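Trainee: Be aware that the sequence shown starts at 1, since it is given in the UniProt record's numbering, and climbs by one per residue.
For every residue, glycine included, the Cβ atom is placed at its ideal position computed from N, Cα and C.
Bear in mind the structure is a predicted one, so any value in this text is a computation, not a measurement.
Dropping the structure in here first, questions after.
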Amino acid sequence: MRHRTCVGSRIKEELNRRKPRNGGRSSGAPLLWPRALTAISKLNPMPRTLTLPVVRPFPSRCARRNLHVTNFRSNIPYCLRPVSTRTSQHHPAACSSIRPSLDRSTAATLPRDVVEHCRRRITSSNTQAQARPYLTNAIRTHQARKMAPQLDSFFSQVDSLSEAFIQRLRAAVAIPSVSSDAARRPDVVRMAHFLESELKTLGAHVELRPLGKQPDNPARPADNHIRGDLLIIRGRTIYTSIKSDSAKRTILVYGHYDVQPAEKSDGWATEPFDLTVGSDGRMFGRGSTDDKGPVLGWLNAIEAHQKAGVDFPVNLLMCFEGMEEYGSEGLDDLIVAEAPKFFKDAEAVCISDNYWLGTEKPCLTYGLRGCNYYSVEISGPGADLHSGVFGGTAQEPMTDLVRVLSTLVDTSGKILIPGINEQVAPVTAEEETLYDNISFTMETLHESLGSQTTIFEDKKPTLMARWRYPSLSLHGVEGAFSAPGAKTVIPAKVIGKFSIRTVPDMEIEKTNELVYAYVKEQFAKLGSKNTLKVYAQHTGKWWVASPNHWNFTAAAKAVERVWGVAPDFTREGGRYVFFVSRFHDLGWYVSTYGRLHGAYSIPVTLTFEQATGKNVLLLPMGSSTDGAHSINEKLDKRNYIEGIKLLGAYLHYVAEEPKN
1 MRHRTCVGSR IKEELNRRKP RNGGRSSGAP LLWPRALTAI SKLNPMPRTL
51 TLPVVRPFPS RCARRNLHVT NFRSNIPYCL RPVSTRTSQH HPAACSSIRP
101 SLDRSTAATL PRDVVEHCRR RITSSNTQAQ ARPYLTNAIR THQARKMAPQ
151 LDSFFSQVDS LSEAFIQRLR AAVAIPSVSS DAARRPDVVR MAHFLESELK
201 TLGAHVELRP LGKQPDNPAR PADNHIRGDL LIIRGRTIYT SIKSDSAKRT
251 ILVYGHYDVQ PAEKSDGWAT EPFDLTVGSD GRMFGRGSTD DKGPVLGWLN
301 AIEAHQKAGV DFPVNLLMCF EGMEEYGSEG LDDLIVAEAP KFFKDAEAVC
351 ISDNYWLGTE KPCLTYGLRG CNYYSVEISG PGADLHSGVF GGTAQEPMTD
401 LVRVLSTLVD TSGKILIPGI NEQVAPVTAE EETLYDNISF TMETLHESLG
451 SQTTIFEDKK PTLMARWRYP SLSLHGVEGA FSAPGAKTVI PAKVIGKFSI
501 RTVPDMEIEK TNELVYAYVK EQFAKLGSKN TLKVYAQHTG KWWVASPNHW
551 NFTAAAKAVE RVWGVAPDFT REGGRYVFFV SRFHDLGWYV STYGRLHGAY
601 SIPVTLTFEQ ATGKNVLLLP MGSSTDGAHS INEKLDKRNY IEGIKLLGAY
651 LHYVAEEPKN
């Protein structure tokens with residue numbers, strides 16, 4: 001109280017002294033109160049936060065307001081600005097506009113070391129503001145207009161339930177639903193039943209659908225409860241008391257509840273299936289960001305609506321599967337079969353299974369590169385040979401393979417196969433301008449890489465290489481010795497594996513023809529007596545949606561409402577593949593099973609778009625440093641809780657967004 005009285009009297013004294021004599025408005029310049037601030041700086045002990053009663057120097061509008069000054073340090077002059085109480089309550093980050101301000105006259109009265117300290121603080125404050133745009137007071141126009149006002153109580157409810165939502169994620173992470181491990185398939189089923197129970201508690205109608213055979217044991221049917229790999233939720237009766245409302249839009253969302261393998265011995269700092277929340281808000285655990293956090297985000301959004309008493313804005317269909325990390329066998333057939341049935345009312349699709357481009361700014365993703373995965377098989381001897389006996393007497397398959405693979409791509413990433421780059425759609429002037437405003441730094445990329453071994457030094461060519469140009473990567477060799485130690489064996493057959501990430505307007509079959517012809521040509525140049533086979537193991541088409549669709553514009557408004565910043569519109573380049581084959585009677589490609597362990601995600605994006613004919617939006621929750629598929633996978637608490645708000649806000653905005 002002593003602090004408030006002392007400071008309040010000084011502030012009032014200074015305001016009365018500066019009040020305009022003509023009764024008009026004062027200038028719009030920031031108000032500086034050096035005398036009052038001097039009094040503040042002499043308070044001992046110095047309070048960390050001061051609540052100061054401030055009177056605007058406008059005689060016609062002498063409304064009293066509370067001005068919060070945070071992180072105040074002794075002898076640092078501040079620029080105090082009246083802040084709208086309503087705005088600061090709605091978006092507390094608006095108070096971050098109260099920043100250190102050092103004018104020339106004040107600096108002249110302070111010791112030099114204090115002045116330098118002030119300037120460093122000011123520079124640091126401004127740098128942080130630029131690096132974290134959603135923490136500024138740049139509240140968007142639609143926020144001020146209070147569009148979707150019912151979201152306020154929904155947001156408050158999410159905050160109130162945040163600890164319960166973290167406990168729900170902890171329970172989910174504790175289930176080791178590793179789909180690629182046959183021994184843990186029962187845990188995949190257990191995870192499906194966990195979600196079923198949670199959703200039924202929320203009033204949803206749930207249907208579990210077994211699909212196909214087990215990938216590594218085709219003779220064993222999936223409906224024997226060893227594999228329960230698809231969870232379909234009929235969201236039309238998402239609330240027990242609310243039936244399907246034909247007047248509302250119907251939105252289809254997708255996610256997966258299986259995870260990658262993880263063992264503490266792999267190098268994890270914590271137990272991978274025990275969600276560990278650090279003091280910095282990072283939540284470590286396998287599946288936390290890929291994809292249990294986002295999947296539970298939809299459930300949490302439903303619960304928060306119920307407990308806040310807010311009407312759910314849409315009819316919600318949810319399709320959650322449990323074999324995404326092992327190829328999604330059978331899912332595409334189901335999507336095609338259910339497109340005219342269960343999915344027929346869906347007006348748009350939303351998938352939350354990708355990541356921000358960086359760590360500070362949300363994004364919406366509208367495009368993915370495709371993936372053609374190839375095998376180059378070279379064989380010769382009838383069996384593996386001892387190099388001490390046969391070395392130098394037989395042509396070795398491994399030598400031939402290394403020489404062929406070395407002709408595919410150079411160290412700067414340039415694809416050396418003629419005709420590949422000629423298929424790529426040219427860059428337009430409009431497209432080039434998009435890259436300039438993307439919030440992305442090379443430092444973030446270096447952090448994700450764990451090194452500075454990037455091909456390019458600047459943002460623009462890096463993003464273009466990642467999103468809109470093809471790339472070729474060598475992945476490994478099957479059949480060669482790779483275990484620790486030394487083994488002097490000459491392998492009888494080796495299979496080299498590589499992939500090409502495809503972009504518009506590359507065609508799958510044309511690309512295959514070019515690859516086959518080039519590999520055979522390079523092998524022929526060797527004059528080897530060994531045998532060559534080259535084939536596509538899996539192929540997948542690129543995908544690009546329209547970012548101008550009402551599904552995207554609604555999501556953009558939701559991002560601005562939650563984060564206070566407009567999202568980046570991005571394409572992705574390296575995390576997605578669609579396992580495809582020709583589906584002749586429909587005339588387009590659909591996905592088929594591919595045994596690829598933990599290398600890809602979202603195999604059904606293209607299938608959803610082509611089967612339903614609807615716009616597909618990728619709405620990420622996690623950030624680029626979450627480490628999906630890696631050791632120490634994590635999801636920041638901030639991204640999880642604010643991500644729940646974002647999913648709920650998206651449904652409200654998509655419910656009212658005009659169609660275009």
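#1: From K307 to L299, what does the alpha carbon distance come to, in whole angstroms?
#2: Considering only residues of the same chain and omitting the five flanking positions on each side of Y650, which have a CB-CB separation below 8 Å?
#3: Report buried or exposed for T365, applying the criterion of at least 16 other Cβ atoms within 10 angstroms of its Cβ.
#4: Using the DSSP secondary-structure output, state which residues sit across from D568 in a beta bridge.
#5: Pull up the CB-CB distance for I335 and V604, whole angstroms please, since I reckon it's below 8 Å.
#6: Give the DSSP-derived three-state secondary structure of W543 in the structure shown.
#7: Below 8 Å between beta carbons: does that hold for G648 and F154?
#8: For K614 and Y469, what's the separation of their Cα atoms in angstroms?
#9: Using a Cβ-Cβ cut-off of 7 Å (strictly less than) and excluding sequence neighbours within five positions of T635, which residues of its own chain qualify?
#10: What would DSSP say about E656, mapped onto helix, strand or coil?
#11: To the nearest angstrom, how far is the alpha carbon of H256 from that of E325?
#12: Quick check on the burial criterion: 16 or more other C-beta atoms within 10 angstroms. Buried or exposed for Q452?
#13: According to DSSP, is V424 helix, strand or coil?
#14: Using the rule of at least 16 other Cβ atoms within 10 Å of the residue's Cβ for burial, across every protein chain shown, is N437 buried or exposed?
#15: With DSSP collapsed to three states, give me the class of M283.
#16: Excluding the 5 residues flanking G382 on each side, which residues of the same chain have their C-beta closer than 8 Å to its C-beta?
#17: Hey, would you say residue 679 sits closer than 8 Å to A611, going by beta carbons?
#18: The alpha helix (DSSP H) with V314 in it runs from where to where?
#19: Just to confirm the assignment, what range does the alpha helix (DSSP H) spanning N551 have?
#20: Give me the Cα-Cα distance between F608 and D345, rounded to the nearest whole angstrom.
#21: CA-CA distance, residue 675 and E271?
#22: Check H629 in the structure and name its three-state DSSP category.
#23: Going by C-alpha distance, which of L408, T399 and H629 is nearest G527?
#24: Report the residue from R466, Q395 and S406 whose alpha carbon sits nearest the alpha carbon of F498.
#25: In this structure, does DSSP put D353 in helix, strand or coil?
#26: Quick check: the stretch 260 to 270 against the stretch 171 to 182, are at least 3 beta-carbon pairs closer than 8 Å?
#27: For a minimum of 3 consecutive residues, which ranges assigned as the beta strand (DSSP E) are wholly contained in the stretch 144 to 215?
#28: Report the residue from V310, G297 and P186 whose alpha carbon sits nearest the alpha carbon of D152.
#29: Got a sec, what are the start and stop residues for the alpha helix (DSSP H) K525 sits in?
#30: Do the stretch 419 to 438 and the stretch 530 to 542 touch if we need at least three Cβ pairs shorter than 8 Å?
#31: Going by DSSP, what residues sit across from C636 in a beta bridge?
#32: Are L275 and R184 closer than 8 Å when you measure CB to CB?
#33: Quick check on the burial criterion: 16 or more other C-beta atoms within 10 angstroms. Buried or exposed for Q157?
#34: Compute the beta-carbon to beta-carbon distance between V477 and V494, rounded to the nearest angstrom, for a pair I have assumed lies under 8 Å.
#35: For K634, verify whether its CB is less than 7 Å away from any heavy atom of the ligand ATP.
#36: So what's residue 661 in DSSP terms, helix, strand or just coil?
Mentor: Taking the coordinates as given:
#1: By 1-based counting over the sequence shown, the position of residue 307 is 307. By 1-based counting over the sequence shown, the position of residue 299 is 299. In a straight line, the C-alpha of K307 is about 13 Å away from that of L299.
#2: The sequence position of residue 650 within the sequence shown is 650, counting from 1. Answer for Y650: C350, A554, A555, A558 and L619, listed in chain order.
#3: On the sequence shown, residue 365 is found 365 positions in, with the first residue counted as 1. Buried, since its Cβ has 16 or more Cβ neighbours within 10 Å.
#4: One-based indexing of the sequence shown puts residue 568 at position 568. C363, per the DSSP bridge assignment.
#5: If you number the sequence shown from 1, residue 335 lands on position 335. If you number the sequence shown from 1, residue 604 lands on position 604. With 8 Å as the limit, I335 and V604 qualify as a contact, their Cβ atoms being about 7 Å apart.
#6: Position 543 of the sequence shown holds residue 543. DSSP places W543 in strand when its eight states are reduced to three.
#7: In the sequence shown, the residue the question calls residue 648 occupies position 648. In the sequence shown, the residue the question calls residue 154 occupies position 154. Cβ distance < 8 Å, so G648 and F154 count as in contact.
#8: By one-based count along the sequence shown, residue 614 stands at place 614. By one-based count along the sequence shown, residue 469 stands at place 469. One C-alpha to the other measures close to 26 Å.
#9: Indexing the sequence shown from 1 puts residue 635 at position 635. One point to set straight first is that residue 635 is Leu, not Thr, in the sequence displayed. The answer, listed in chain order, is M283, S288, T289, G293, G622 and D626.
#10: One-based indexing of the sequence shown puts residue 656 at position 656. DSSP places E656 in helix when its eight states are reduced to three.
#11: Residue numbering aside, residue 256 sits at position 256 when the sequence shown is read from its first letter. Residue numbering aside, residue 325 sits at position 325 when the sequence shown is read from its first letter. Going from the Cα of H256 to the Cα of E325 covers about 9 Å.
#12: As a working note, residue 452 is residue 452 in the sequence shown. Flag for Q452 reads exposed.
#13: The count along the sequence shown starts at 1 and reaches residue 424 at position 424. Coil at V424, not helix or strand.
#14: By one-based count along the sequence shown, residue 437 stands at place 437. The residue in question, N437, is exposed, as its Cβ has fewer than 16 Cβ neighbours within 10 Å.
#15: Residue 283 sits at position 283 when you count from the first residue of the sequence shown. Correct three-state label for M283: strand.
#16: For this step, residue 382 is matched to residue 382 along the sequence shown. Here the set comprises A492.
#17: Examination of residue 679 is not possible in this model, given that the chain is present from 1 through 660 alone.
#18: Within the sequence shown, residue 314 is the residue found at index 314, counting from 1. Taken as a continuous stretch (DSSP letters only), V314 belongs to no alpha helix (DSSP H), as it is neither H nor E.
#19: Position 551 of the sequence shown, counting from 1, holds the residue named residue 551. Looking at the DSSP string, the run of the alpha helix (DSSP H) that includes N551 is W550 to W563.
#20: Walking along the sequence shown from the start, residue 608 turns up at place 608. Walking along the sequence shown from the start, residue 345 turns up at place 345. Roughly 13 Å between the two C-alpha positions.
#21: Residue 675 is absent from the model: the chain starts at 1 and stops at 660.
#22: Your numbering for residue 629 matches position 629 in the sequence shown. In this structure, H629 counts as coil in the three-state DSSP scheme.
#23: One-based indexing of the sequence shown puts residue 527 at position 527. Of L408, T399 and H629, the residue nearest in Cα terms is T399.
#24: For the purposes of this step, residue 498 is identified with residue 498 of the sequence shown, where counting begins at 1. Of the candidates R466, Q395 and S406, the one whose C-alpha sits nearest the C-alpha of F498 is S406.
#25: Taking the sequence shown and counting its residues from 1, one reaches residue 353 at position 353. Looking at D353 - three-state DSSP - the assignment turns out to be coil, as it is neither helix nor strand.
#26: yes
#27: 205 to 208
#28: Reading the sequence shown from its first residue, position 152 is the one you call residue 152. Nearest of V310, G297 and P186 to D152, Cα basis: V310.
#29: For the purposes of this step, residue 525 is identified with residue 525 of the sequence shown, where counting begins at 1. K525 -> alpha helix (DSSP H) spans I508 to L526.
#30: no
#31: The sequence position of residue 636 within the sequence shown is 636, counting from 1. First, the residue type needs correcting, since residue 636 is Asp and not Cys in the sequence shown. DSSP, once it has assigned bridges, lists R282 as partnering D636.
#32: On the sequence shown, residue 275 is found 275 positions in, with the first residue counted as 1. On the sequence shown, residue 184 is found 184 positions in, with the first residue counted as 1. Not in contact: L275 and R184 (Cβ atoms no closer than 8 Å).
#33: The residue labelled residue 157 in the question sits at position 157 within the sequence shown. When all chains shown are included, Q157 counts as buried.
#34: Walking along the sequence shown from the start, residue 477 turns up at place 477. Walking along the sequence shown from the start, residue 494 turns up at place 494. 5 Å between Cβ atoms; contact.
#35: As presented, the structure is devoid of all ligands, the ligand ATP included, so that no description of it is given.
#36: Any answer about residue 661 is impossible in this case: the structure gives the chain only from 1 up to 660.
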